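Engineer:
Chains as they are written, first to last, in our numbering: chain W, 50 to 360; chain R, 473 to 876.
(1) What residues in its chain sit with their C-beta under 6 Å from that of residue 804 of chain R, if we drop five residues either side in the sequence?
(2) Quick one: give me the first and last residue of the beta strand (DSSP E) that residue 504 of chain R is part of.
(3) Check each residue of the segment 703-725 of chain R: if its Cβ is closer than 7 Å to any Cβ of chain B, include it; give the result in chain order.
(4) Following the continuous beta strand (DSSP E) through residue 509 of chain R, name the residue where it begins and the one where it ends.
(5) Identify the residues that DSSP records as bridge partners of residue 152 of chain W: which are they?
(6) Name the residue from R:768, R:871, R:848 and R:583 whose alpha carbon lies nearest to the alpha carbon of residue 829 of chain R.
(7) With DSSP as the reference, label residue 818 of chain R as helix, strand or coil.
(8) Considering only their Cβ atoms, is the gap separating residue 559 of chain R from residue 758 of chain R smaller than 8 Å?
(9) Since residue 647 of chain R sits in a beta bridge, which residues does DSSP pair it with?
(10) If you check the beta carbons only, do residue 729 of chain R and residue 570 of chain R fall under 8 Å apart?
(11) If the cut-off is 8 Å on Cβ atoms, which residues from the segment 822-834 of chain R count as contacting chain W, listed in chain order?
(12) So what does DSSP say about residue 327 of chain W, is it helix, strand or coil?
(13) What first and last residue would you give for the alpha helix (DSSP H) that runs through residue 668 of chain R?
(14) Between R:610, R:842 and R:802, which has its C-alpha nearest residue 76 of chain W's C-alpha?
(15) Roughly how many angstroms lie between the CA atoms of residue 502 of chain R and residue 53 of chain W, to the nearest whole one?
(16) Here's a check: name, in chain order, each residue in its chain whose Cβ is nearer than 7 Å to the Cβ of residue 289 of chain W, leaving out the five neighbours to either side.
(17) Is there a Cβ of chain W sitting closer than 8 Å to that of residue 755 of chain R, yes or no?
(18) Name the residues in the segment 486-515 of chain R whose C-beta lies less than 8 Å from a C-beta of chain W; which are they?
(19) Here's the rule: buried if 16 or more other CB atoms are within 10 angstroms of the residue's CB, otherwise exposed. What is residue 260 of chain W?
(20) Is the beta carbon of residue 113 of chain W sitting closer than 8 Å to the one on residue 201 of chain W?
(21) Quick one: complete alpha helix (DSSP H) runs, 4+ long, within the segment 549-609 of chain R?
(22) Since residue 718 of chain R is in the beta strand (DSSP E), which residue starts that stretch and which ends it?
(23) Looking at the structure shown, is residue 829 of chain R part of a helix, part of a strand, or coil, going by DSSP?
(24) Do you know offhand how far residue 855 of chain R's Cα is from residue 551 of chain R's?
(25) Of all the CB atoms in chain W, is at least one closer than 8 Å to the CB of residue 872 of chain R?
(26) Would a check of beta-carbon distances place residue 150 of chain W closer than 8 Å to chain R?
(27) Fully enclosed by the segment 240-305 of chain W, which beta strand (DSSP E) runs are 3 residues long or longer?
(28) With burial defined as no fewer than 16 other Cβ atoms inside 10 Å of the residue's Cβ, what is the status of residue 151 of chain W: buried or exposed?
(29) Against chain W, which members of the segment 533-547 of chain R pass a CB distance test of less than 7 Å?
(30) Relative to the C-alpha of residue 796 of chain R, which candidate in R:823, R:816 and R:778 has its C-alpha closest?
(31) Can you name the residues of chain R whose CB is closer than 9 Å to the CB of residue 72 of chain W?
(32) Report yes if the CB atom of residue 576 of chain R is closer than 8 Å to the CB atom of residue 528 of chain R, and no otherwise.
(33) Would you please state the rounded distance, in angstroms, between the beta carbons of residue 675 of chain R and residue 608 of chain R? I believe it to be under 8 Å.
(34) Count the other C-beta atoms from every protein chain shown that fall within 10 angstroms of the C-beta of residue 69 of chain W, then say buried if there are 16 or more, exposed otherwise.
(35) Looking at the C-beta of residue 525 of chain R, does it have a partner C-beta in chain W at a distance below 8 Å?
(36) Note down, in chain order, every chain W residue with its Cβ under 7 Å from the Cβ of residue 735 of chain R.
In structure tokens form, the structure reads like this:
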């Protein structure tokens with residue numbers, strides 16, 4: 050018996066050693082480790098002024114934001130469908146109804162003042178080379194620009210009253226570039242159920258039109274995210290959303306600027322879509338384990354009984 | 473024609489036609505197994521059961537899998553994993569079993585090497601076992617193509633490329649194997665056929681041969697002791713079960729097997745529910761894309777040691793070394809020149825040979841996964857040379873081994 054346990058220990062030792070070498074150790078060597086900044090956006094300046102939402106509303110309207118951005122929660126539309134918006138800007142500009150809740154305030158302020166800088170795509174959009182970011186920066190309304198920006202941010206926060214669901218967080222922050230076919234999500238919205246084949250084909254053709262503009266804008270079509278929760282580690286996704294350049298220097302993907310809370314929601318949604326059986330796995334797993342433990346006890350007793358006559 | 477009488481029972485009716493009593497004796501109650509064995513001797517039955525798990529889970533997956541380059545990925549990751557009730561369970565069971573079966577195969581192989589279970593009449597057990605290893609390898613590789621993820625595609629590309637045999641540039645063979653210039657629909661369909669029909673049938677046949685090969689030389693024991701099985705069996709049947717050196721396959725040996733299997737199943741299902749990632753590479757959850765090579769291409773862990781024998785050398789020498797690694801284990805019974813059938817611990821230099829070989833293969837496995845850069849490349853090269861060297865010296869060190 051003691052001898053047998055020694056043999057077992059040797060087998061277990063070499064198996065675990067091999068496992069450790071090919072899994073944790075090898076993967077640690079293969080992938081660059083990026084430390085999470087916990088969505089602090091430390092490179093961006095903090096807001097120095099206290100914003101006034103009422104004034105912000107005026108500046109927001111006067112600044113012409115609604116020329117490109119809709120605010121559907123307040124009934125403001127741009128009059129542009131996603132495809133024609135993408136034809137003009139490369140990507141459909143986001144609706145700002147929940148922007149105040151979704152994005153970090155430092156990021157929003159920096160974005161309004163200098164989009165390419167806040168989005169970390171200055172390698173792509175350099176005014177010196179005549180390459181302007183499609184979002185026009187806010188040059189100020191004549192007063193203290195920091196105060197005006199703080200007002201706009203306060204305004205955006207004040208209108209974002211609806212609770213942001215994980216699904217909404219994904220659709221707003223990621224869904225204009227990334228499809229997610231396992232959630233029936235396309236870059237122009239959810240793919241409806243169709244009664245007629247030609248409606249379906251028409252919809253798909255519209256998506257393809259949008260994707261063509263997007264591909265031209267981004268250099269390649271951003272990937273479908275259905276399986277990203279399994280193809281990338283949680284830590285990778287978290288740090289990538291926070292700062293895409295940290296993993297993929299030179300990537301066309303902009304920094305999303307989501308707050309820590311919104312990032313958590315996005316990841317929760319990716320998990321929900323890509324790996325919906327997580328909870329069931331644990332509950333079934335525990336039952337199987339209980340069954341097997343009982344089975345092992347009986348197997349042991351049977352062995353004892355049979356071998357009583359043999360030893 | 474045999475003489476048939478009116479049957480007195482269903483048992484008797486069957487016995488007259490199928491000789492089930494005789495069959496039961498041959499297969500179970502009078503199939504004699506040595507008593508002096510440990511739990512490592514249960515690995516054969518553990519393997520048989522794992523194969524059964526693979527077969528059953530595979531049948532369930534087959535009901536929904538679509539061998540089509542446009543549908544395969546989603547049929548696995550969406551239809552099976554999300555839409556089919558418990559589809560995720562069958563898929564995880566199948567993937568984990570495919571990986572764990574190799575862990576048990578390696579334990580089974582090294583047990584055979586350690587106790588000298590390939591010698592003096594047991595050569596065919598070893599050779600049929602090695603054929604099973606090759607068949608399982610082919611089965612694992614063809615199965616890995618089916619989800620049609622990035623690793624499926626690129627592993628398929630790399631491995632089929634080997635058949636151009638380096639500088640011979642036999643690209644026609646590669647195209648013939650793929651049915652196309654690159655892995656595409658023809659490739660997927662034929663690997664699907666291999667995975668669900670031809671190779672499983674070959675494995676079933678080889679399992680039968682492997683079991684049959686055990687019949688005449690009998691199962692080895694912890695001390696490599698030879699004794700008269702007839703005599704020991706008579707001793708057992710006369711009631712002196714304690715003194716006899718043999719036990720019945722059923723229920724004596726089977727009861728111990730069942731206990732080992734129950735422990736194995738706890739380990740296996742723990743992996744299935746909580747630690748499956750090692751068997752399901754994250755890279756393969758990206759759909760196949762012929763225009764985007766993954767940053768690191770590596771095979772599943774059980775192929776890493778032979779991959780690392782290929783990798784550190786120049787193209788042609790690497791291929792030769794790889795070919796050497798694939799066939800050399802078959803020759804073990806003939807390269808070991810010693811007559812001793814005993815555990816390696818009693819065999820002098822062979823003991824060192826055994827442990828160096830084991831550690832070297834683990835080092836090769838680790839280096840096969842790591843990127844071939846700097847120190848890892850050097851360690852990989854040394855380990856590959858040690859592997860080849862060990863086989864070269866084996867006949868000499870076993871020739872001078874003292875007779876026990």
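Cβ coordinates follow ideal geometry from the N, Cα and C atoms, glycine included.
Since the structure is predicted, the reported quantities are computational estimates derived from the model, not experimental observations.
Structural biologist: So, from the data block:
(1) 590
(2) 504-506
(3) Absent from the structure is chain B; the protein chains it does hold are W and R.
(4) Counting along the chain, residue 509 of chain R sits inside no beta strand (DSSP E), nor does DSSP assign it H or E at all.
(5) W:307
(6) R:583
(7) helix
(8) no
(9) Answer by DSSP bridge pairing: none, since residue 647 of chain R is not bridged.
(10) No. Outside cutoff.
(11) 830 and 834
(12) helix
(13) It is not in any alpha helix (DSSP H) - residue 668 of chain R carries neither H nor E in the DSSP assignment.
(14) R:842
(15) Distance between the alpha carbons of residue 502 of chain R and residue 53 of chain W is about 26 Å.
(16) So the list reads 296, once near-sequence residues are dropped.
(17) yes
(18) 507, 510, 511 and 512
(19) buried
(20) Not a contact, by the Cβ cut-off of 8 Å.
(21) 559-586
(22) 718-720
(23) helix
(24) 43 Å
(25) Residue-level contact by beta carbon fails for residue 872 of chain R and chain W, as no gap is shorter than 8 Å.
(26) no
(27) Restricted to the segment 240-305 of chain W, not a single beta strand (DSSP E) segment is unbroken, complete and at least 3 residues in length.
(28) Buried, by the Cβ-count rule.
(29) Residues of the segment 533-547 of chain R with a C-beta atom less than 7 Å from some C-beta of chain W do not occur.
(30) Residue 796 of chain R has its Cα closest to that of R:778, out of R:823, R:816 and R:778.
(31) The contacting residues are 749, 750, 773 and 841.
(32) no
(33) 7 Å
(34) exposed
(35) no
(36) 345
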